[in-house]
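Numbering-wise (the numbering used here), the sequence shown opens with residue 3 and increments by one.
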Amino acid sequence: MFFFAVWHFSAYAQSALYFSQFTNDKNCTNPFEFRERVRMQEIIDDSLVLVLGKRENCCANFVTEYTVHEDTLKIHYENQGENCFCTCFFDLTFKIPSRNLNFHSITFNDFQFDYSDQEYSVYSSTVDTLETGNILRQKFENQELILEVEETDTINVYREFYKGKLLHERMVKKKQF
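Written out as structure tokens, the structure is:
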């Protein structure tokens, strides 16, 4: 189990942000089985405590900051450590002094995560034929589109999504026999 904690004074806010991270890897379980979600959100001793369950690079060493913009508490974290070839499921704990905090929504690296007690992800998939005759295969995690493959006669188009945003699109030419 990996644990890291730091007090960080944000350039965007006058208040201190306490941050800790540890792997929530129960018996080397597949990190993709766990649901990315806000696991806890409560006020403790005049501080807002948020715990985000999130898949990240196993060798990550995060630096954090936050700001309140309009009615949104924006928490930003980025990896300042090494990258390695594995993914772990982390509990990222953010502790922010709650005095003068006024917000209606929270984002982590500009993405919103739902609060949920459901620990494991639910996967589903669909296959459709488009009007063009192309085959469209889609994979969902917790009802959010994560992968789409459009098959034509000559190419396959692969599209990866995260939180509704297209991350990557790649075309692969089919082998002709």
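No residue lacks a Cβ here, since even glycine has one placed at the ideal position from N, Cα and C. All values derive from a computational prediction rather than experimental measurement.
Could you tell me how far apart the beta carbons of residue i and residue j are, in whole angstroms, since I believe they sit closer than 8 Å?
i	j	result
T74	F21	About 19 Å; that fails the 8 Å criterion.
L103	L50	6 Å
N111	R37	That belief does not hold up - the Cβ atoms of N111 and R37 are roughly 17 Å apart, past 8 Å.
L169	E150	Not quite, the Cβ-Cβ distance comes to about 11 Å (not below 8 Å), so this is no contact.
T128	Q140	5 Å
F91	R39	In fact, because the Cβ distance is near 11 Å, the residues do not count as touching under 8 Å.
Tell me which residue opens and which closes the beta strand (DSSP E) that residue i is part of.
i	result
Q43	R39 to I46
L54	S49 to N59
Would you say residue i lies against chain B (beta-carbon separation less than 8 Å)?
i	result
Y122	The structure shown has no chain B; it contains just one protein chain.
What number of angstroms, rounded off, separates the C-alpha of residue i from the C-alpha of residue j?
i	j	result
F87	E171	22 Å
E80	F142	26 Å
A62	E84	6 Å
F64	E153	39 Å
I157	G166	24 Å
T89	E133	38 Å
R161	D119	29 Å
Y68	I98	9 Å
D116	L54	10 Å
N59	I45	29 Å
H71	V174	42 Å
F163	S126	15 Å
Q43	V159	39 Å
K176	R41	43 Å
E35	E146	15 Å
E121	D155	40 Å
N136	P33	33 Å
Q178	Q23	49 Å
With distances taken between CB atoms, is the gap from residue i to residue j smaller than 8 Å?
i	j	result
I77	T109	yes
Q114	S123	no
D47	R101	no
L52	F96	yes
In the stretch 64 to 94, which residue ranges form an unbroken beta strand (DSSP E) of at least 3 residues, counting only runs that do not cross its ends?
64 to 71 and 74 to 81
Which ranges does the beta strand (DSSP E) cover as unbroken runs of at least 3 residues, wholly within the stretch 105 to 174, from first to last along the chain?
107 to 110, 125 to 131, 137 to 143, 146 to 153 and 157 to 164
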